[in-house]
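Trainee: Numbering (my numbering), first residue to last: 1 to 184.
We put the CB at the ideal spot given by N, CA and C, even for glycine.
What follows is a structure written as structure tokens; I'll ask about it next.
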Amino acid sequence: MEELFDAVEYSPEKRLKLAVLQLREHAQRWWKGTSRVMRETVVLISWESFCAAFRQEYTPESFYNNREREFDNLKQGNLRVAEYARKFSLQLSYVPYVANQERTKRNMFLRGLRPELFRMVLAGSPATYAEAVDRAVDIEESLMEVQNQVQSTTGRSFQPVPGAMSSFQSPLVPQQSNRQRFKP
Numbered sequence: 001m002e003e004l005f006d007a008v009e010y011s012p013e014k015r016l017k018l019a020v021l022q023l024r025e026h027a028q029r030w031w032k033g034t035s036r037v038m039r040e041t042v043v044l045i046s047w048e049s050f051c052a053a054f055r056q057e058y059t060p061e062s063f064y065n066n067r068e069r070e071f072d073n074l075k076q077g078n079l080r081v082a083e084y085a086r087k088f089s090l091q092l093s094y095v096p097y098v099a100n101q102e103r104t105k106r107n108m109f110l111r112g113l114r115p116e117l118f119r120m121v122l123a124g125s126p127a128t129y130a131e132a133v134d135r136a137v138d139i140e141e142s143l144m145e146v147q148n149q150v151q152s153t154t155g156r157s158f159q160p161v162p163g164a165m166s167s168f169q170s171p172l173v174p175q176q177s178n179r180q181r182f183k184p
């Protein structure tokens with residue numbers, strides 16, 4: 001529902017009214033009681049307080065614990081950087097303490113990259129999460145171009161020697177790409 005509200009740019013007040021109108025039976029009774037208690041204890045009834053109360057009532061703590069654990073264990077593995085970045089971004093909603101800290105978000109993203117890519121991206125000192133994603137995608141594209149060139153000229157696939165990139169000092173400077181930059 002939040003994606004819809006974002007798409008139509010509803011104000012928090014309108015979101016609250018529309019969400020409450022969607023409640024049925026048990027959820028409707030729950031909200032009547034919860035909102036009464038909030039008013040009696042002088043808690044501001046807002047979209048944010050509604051969402052927090054709703055999640056607390058209807059989403060088990062184990063759900064959020066599992067999402068946090070998945071986020072903590074997220075690694076690029078065999079994924080392309082763009083796909084890894086999409087998964088990373090989707091899981092950020094479950095870890096607001098990371099989503100709201102640009103440096104932590106960047107570091108967590110970098111930590112999940114494959115080691116050779118991590119070193120190359122880090123060499124460029126990206127200041128933000130978006131810069132780290134863009135740099136990782138650019139480097140990956142450059143490496144794939146080299147691999148494709150080697151394959152087309154030799155008929156064999158290019159396999160980098162493990163650890164050969166560990167002494168790499170400067171980031172690859174890829175050709176300008178027509179792709180859109182990453183926007184979190």
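If we ignore side chains and look at the alpha-carbon of each, how far apart do residue 148 and residue 154 end up?
Mentor: Answer to the nearest angstrom: the Cα atoms are 10 Å apart.
Trainee: Between the Cα of residue 130 and the Cα atoms of 102, 113, 114 and 151, which residue gives the shortest distance?
Mentor: Nearest of 102, 113, 114 and 151 to residue 130, Cα basis: 102.
Trainee: Relative to the C-alpha of residue 106, which candidate in 91, 132, 120 and 82 has its C-alpha closest?
Mentor: Measuring from the Cα of residue 106, the nearest candidate turns out to be 132.
Trainee: Under 8 Å by Cβ, that's how I've got residue 185 and residue 84 pegged, so tell me the actual separation to the nearest angstrom.
Mentor: The structure shown does not extend to residue 185, since the chain spans only 1 to 184, so no value can be given for it.
Trainee: Does DSSP put residue 169 in a helix, in a strand, or in coil?
Mentor: Only weak support is given to the placement of residue 169: the predicted model assigns it a pLDDT of 45, under 50, and the value that follows is read from those uncertain coordinates. Three-state result, residue 169: coil.
Trainee: So, with DSSP's three-state summary, where would you put residue 148?
Mentor: Note: residue 148 maps to helix in three-state DSSP.
Trainee: The alpha helix (DSSP H) spanning residue 60 covers which residue range?
Mentor: No alpha helix (DSSP H) contains residue 60, which DSSP labels as neither H nor E.
Trainee: Can you tell me whether DSSP reads residue 83 as helix, strand or coil?
Mentor: Residue state, collapsed to three classes: helix.
Trainee: Given this structure, state the Cα-to-Cα distance separating residue 13 from residue 56, to the nearest angstrom.
Mentor: Rounded to whole angstroms, residue 13 to residue 56 spans 20 Å at the Cα level.
Trainee: When the distance is taken between beta carbons, is residue 113 closer than 8 Å to residue 136?
Mentor: Taking 8 Å as the Cβ cut-off, residue 136 and residue 113 qualify as a contacting pair.
Trainee: Would DSSP call residue 41 helix, strand or coil?
Mentor: Looking at residue 41 - three-state DSSP - the assignment turns out to be coil, as it is neither helix nor strand.
Trainee: Pull up the distance between the alpha-carbon of residue 4 and that of residue 118, whole angstroms please.
Mentor: If I take the Cα positions, the gap works out to 36 Å.
Trainee: Assign residue 114 to one of three DSSP states: helix, strand, or coil.
Mentor: If DSSP states are grouped into helix, strand and coil, residue 114 belongs with coil.
Trainee: DSSP on residue 164, reduced to helix/strand/coil?
Mentor: With a pLDDT of 49 at residue 164, under the threshold of 50, the modelled position of this residue cannot be trusted, and the question is left open.
Trainee: In the DSSP assignment, find the alpha helix (DSSP H) that holds residue 97 and state where it starts and stops.
Mentor: It spans 96–99 - the alpha helix (DSSP H) in which residue 97 sits, taken as one unbroken run.
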